[in-house]
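Colleague: What follows is a structure written as structure tokens; I'll ask about it next.
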Amino acid sequence: MAKRRPVSATTIEAVAAEMAGHPLDAARAASYAAAYEPVLTAMDMLRRLPLKTIEPACVFSPEGAPDRG
Numbered sequence: 008m009a010k011r012r013p014v015s016a017t018t019i020e021a022v023a024a025e026m027a028g029h030p031l032d033a034a035r036a037a038s039y040a041a042a043y044e045p046v047l048t049a050m051d052m053l054r055r056l057p058l059k060t061i062e063p064a065c066v067f068s069p070e071g072a073p074d075r076g
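The opening position of the sequence shown corresponds to residue 8 in the working numbering, with each subsequent residue numbered one higher.
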């Protein structure tokens with residue numbers, strides 16, 4: 008897996024303007040980057056955990072809604 012680069016305010020500005028059609032000022036883009044970076048770092052750490060062969064502690068198997076009549 009390639010090493011992730013930190014998200015930058017420039018990237019946030021470009022995506023907002025080009026993809027969403029919603030340009031942001033530099034200060035707001037910097038605050039979004041500061042908010043997104045810890046979330047993306049945590050997601051990256053979770054992806055690196057060796058969990059491929061571990062089964063979940065419990066499995067939820069819905070059987071249908073109970074009859075409430």
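Yeah, the Cβ is synthetic: ideal placement off N, Cα and C, and Gly gets one too.
Helix, strand or coil for LEU78 per DSSP?
Modeller: Nothing about residue 78 can be read from this structure; the chain reaches only from 8 to 76.
Colleague: Any chance the region 39-50 sits against the region 13-20, with 3 or more Cβ pairs inside 8 Å?
Modeller: They touch, by the three-pair rule.
Colleague: Does the distance from the C-beta atom of ALA36 to that of GLU20 stay below 8 Å?
Modeller: yes
Colleague: Hey, would you say ALA23 sits closer than 8 Å to PRO30, going by beta carbons?
Modeller: yes
Colleague: Express the C-alpha separation of GLU62 and MET52 in angstroms, rounding to a whole number.
Modeller: Approximately 19 Å between the Cα atoms of the pair.
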